[in-house]
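Those letters in the sequence shown? Residues 10 to 526, by my numbering. A quick write-up on the structure given underneath.
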Amino acid sequence: MTDASMIDARAVDPARVPVIVGVGQVEDREPDPFAARDSLGLMVDALHAADADAGGGWLAEVDSLDVVDQISFRDLNPLVDPLAAALGMSPARRAQTAMPMGDSPVRLLNEAANRIGAGETRVAAIVGAEALRTAARRAAARAGGGEADHNAMRARHRDRAPDYRQRYGLVAPVDIYPLYENATRSAWGQSLAQAQAESAAIWADFSVVAAANPHAWLRTPRTAAEIATPTADNRRIAFPYAKLMVANSSVNQGAGFLVTSLAHARARGIPDARLVHVGHGAAAHEPDDILARDGYAASAGMRVSLEATLRLNALEIADVDHVELYSCFPCVPKMARRVIGWPLARAMSVVGGLTFGGGPIGNYMSHAIAAMVDRLRGDGATRAQAVGLLFGNGGVATHNHSIVLSAAALPGTRFPRQTDYQAQADALRAAAPRVDPDYDGDGIVETYTLFYDRTGAPRAGVVVALNPAGCRFLARVQAGDAATIAFLTDGVADPIGTRGIARRAADGLVDWTIGAA
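Printed below as a string of C-alpha cells:
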C-alpha cells in the first residue's frame, strides 16, 4: 500500500464504520413461466437469503431500503412499498432508482456507507432482480408462439419517434458498444485477430469462474476458440461480437445485501471474520448523448472512477486481490484493465461476467458485491487485508462507479466522503466534434459496426465519420454492399482512419461506400 495508508491514524468510531453483514443471491429456473417468480418474488427471496446469511432477524431493523429498477415486469413498478410489505419491514427511507443502470448497486452501496458514516442509517438493505426469461416466456405463451426474442432495452424505444442515431440503427447497447470495441482496437494498435483473441481469453476465463459459481446462470466452461468462432449456436450479433461475447439478459436472478455499522454488527454478535468492510468509492460519467462524446477509444469517466477509488483507499493495484470489471461487452473490461494495469492472465470477475454469470440488466453488480463478500470472507481467514475492487458501468459506457471492499478496515477510511469526481473527468476530455446530421460527401471513418440478422447474415451497418471540417456524422452500410462489408470486417486492413463517401439515399439517410469520391 502507499504511504498515504498511514495517514490519519486516529481511532474511528465503530458506530460510523460501514460493513456488509449479509448477502443473498437467488435464481429461478422453473420451466413453467406462470409458476416462476417475477422480479418482486426474486427480490423478496434475495433479501431473505441475505438476512439468513447475517444470522437472521435483520429485516425488522432495516431503516433504509433501496431497490434497483427492473424492466421485466413494468406493471409492478414502483415496487419498493410492496417489497417492504412482503418482507414485514417499515423502513423510514425507501427508494427505487429511476432507471436500471449497471452502476446502480455500487452507487447505492456507496450512498448507504455514507449515511451510516453520518449516523443517518442503522441498517440498509439494497436489492434488485430481473425475471426477463419468465416475462418473455409468459408473453410468448399468451401469444401462442415460441419463446420471444425479448430485447427489452430495444423495446423501450419502439413507441418513440427515432432520433438521428436511432435512424441509423444505434438503439440498444449491443448496437453501440461495438463502436468502442473497434475504436479501442485501432487505438491500441491491435489487429482484428489480436483483439478478438484478447476478448475470447477474458470470456473463456469468465466461463471458468461461472462454472465454479453456484449462482451463475450458465455453468459450462467454454474455450477461447468456442467463444471467438461464429457458429449457428454462437451467431454474430454486432461486429465484432458473437452471442457468447454479449450480456445474457434472458435470466431470472436476484441479489441483495445488508449494510450496517461495525458497532451494531458486533453488538448483534457477528464475528469480525464474517464482516466485510466498505471502502471509499468514486463516480464520473460520460455525456448521455453518445454522439456528444470526444471519442470512442477511451472513457475519462472510467479512468477517473477507477484511479480515484484506488487513490482514496491508498491502494496500488498490487494490493488488490480480486476485481470485478463490468463485462456487458468485451470493450469495457479491456478498457478498465488498461486503466488500472490489471494483467490479462488474472481473473477479472468473481461472478463469471454478464454472459455466463448472468446479465440481469441493472442489478449484475449486486451479484458481484455478494460474490466479492464471499470471496473476501474466505481470504480473511488467511490474510486480513484481502482487498476487492468493483467497477460498475451503466447506460452505454456512460456511468462509472467503483468501490473497494476489504476483509478488514483499510487505514484512513472515513465516512461520509464525496463520490462525485465529475470535474476531474471533464478536465481530461477534449472537445467533442460538432454533429452535422445533414452532411453527405467525403469522410474519414472514426469507428463503425455491422448488425446481423438471426441467421448471421449482415442486415445493415453504421459508420461514425468525420467530414473535412471535422464534424461528426453517421452513414449507413447497406446489406448488399459486399465490398464495403468485407473491408470493414475481414481484418486485412484497419478501417479506422480510412476514407469513404456518404451519398444521400431515397429514404433520406446517407449510405457509406469505401474509397474517396
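Beta carbons: idealized from backbone N, C-alpha and C, even for Gly.
Between residue i and the rest of its own chain, which residues show a CB-CB distance below 7 Å, the 5 nearest in sequence each way excluded?
i, result
"L475", "P442, G452, I453, E455 and R481"
"A213", "R231, T232, A233 and I236"
"A157", "Below a pLDDT of 50, predicted positions are generally treated as unreliable, and A157, at 44, falls in that range; the measurement from the model is reported next regardless. Excluding residues within five positions, the ones whose Cβ falls inside 7 Å are A145, A148 and A149."
"A210", "A233 and L353"
"I246", "V183, K252, V255 and Y461"
"G278", "none"
"S200", "G500"
"R176", "L518"
"D429", "A292"
"P239", "R245, A251 and G465"
List the DSSP bridge partners of residue i.
i, result
"D383", "Answer is none; D383 lacks a bridge partner."
"N261", "A140"
"V268", "I29 and A133"
"W226", "Per DSSP, none; premise fails for W226."
"T456", "V473"
"Q487", "A469"
"G288", "Bridge partners of G288: none, in fact."
"A511", "G450 and W521"
"Q34", "A264"
Spatial neighbours of residue i within its chain, please: C-beta separation below 8 Å, excluding the five flanking residues on both sides.
i, result
"R163", "Because R163 carries a pLDDT of 48, less than 50, the predicted location of this residue cannot be relied on, and the following value inherits that uncertainty. Contacts found: V180 and A181."
"S48", "Q79, S81, F82, L85, L88, A138, E139, A140 and G263"
"A202", "G500"
"R512", "D449, V519, D520 and T522"
Between residue i and the rest of its own chain, which residues show a CB-CB distance below 6 Å, the 5 nearest in sequence each way excluded?
i, result
"C337", "A256 and L363"
"T143", "P42, A45 and N261"
"A306", "A192, T193 and A196"
"H166", "Per-residue confidence for H166 stands at a pLDDT of 46, beneath the threshold of 50, marking its modelled position as unreliable; the derived number appears in the next sentence. For H166, where only same-chain residues beyond five positions count, the Cβ hits under 6 Å are V180."
"S73", "P100, R102, T130 and A133"
"V32", "A59, D62, F266, A379 and V382"
"A122", "P27, V287 and F424"
"R426", "H289"
"H408", "M110, D112 and H294"
"A439", "D303"
"V472", "V454, Y457, A484 and W521"
"A309", "A434, L437 and R438"
"T269", "V30 and V132"
"V71", "M98, P100, V132 and A134"
"P339", "S208 and M254"
Kindly indicate which residue of the options has the alpha-carbon position closest to the one of residue i.
i, options, result
"M254", "A274, A221, A469 and Y335", "Y335"
"P23", "P504, R423, F215 and P467", "R423"
"A393", "Q427, G371 and D330", "D330"
"E36", "L68, P342, A491 and N222", "N222"
"V217", "M108, S270 and A356", "A356"
"V115", "A515, E333 and A432", "E333"
"D242", "A406, L300, G465 and L459", "G465"
"P188", "P91, R25, A406 and A291", "The sequence given here places Leu at residue 188; Pro does not occur at that position. Closest option to L188, Cα to Cα, is A406."
"T391", "A282, E325 and M344", "A282"
"Y448", "A514, V348 and L284", "A514"
"N119", "L414, G509, R508 and A491", "L414"
"A274", "I125, S375 and D298", "I125"
"A416", "A469, D328 and S375", "D328"
"R25", "A276, A225 and A127", "A127"
Is there a Cβ from chain B that is less than 8 Å from the Cβ of residue i?
i, result
"T507", "Looking for chain B here will not work: only one protein chain is present."
query: Is it a yes or a no for the segment 380–395 touching the segment 242–250, going by three-plus beta-carbon pairs under 8 Å?
result: no
task: Give, in chain order, every unbroken run of the alpha helix (DSSP H) that is at least 4 residues long and sits entirely within the segment 66–127.
output: 89–95 and 113–126
- request: Quick one: which unbroken beta strand (DSSP E) runs of 3-plus residues sit fully inside the segment 348–409? Chain order, please.
  value: 396–403
query: If you scan the segment 315–352 from start to end, which runs of the alpha helix (DSSP H) of 4 or more residues do you find wholly inside it?
result: 340–349
message: Can you confirm whether the segment 398–413 touches the segment 311–321 when touching is taken to mean that 3 or more C-beta pairs between the two stretches lie within less than 8 Å?
response: These segments touch.
message: Which complete alpha helix (DSSP H) runs does the segment 181–218 hold, if anything under 4 residues is left out?
response: Assignment of alpha helix (DSSP H) within the segment 181–218, counting only whole runs of 4 or more residues, yields 182–196 in chain order.
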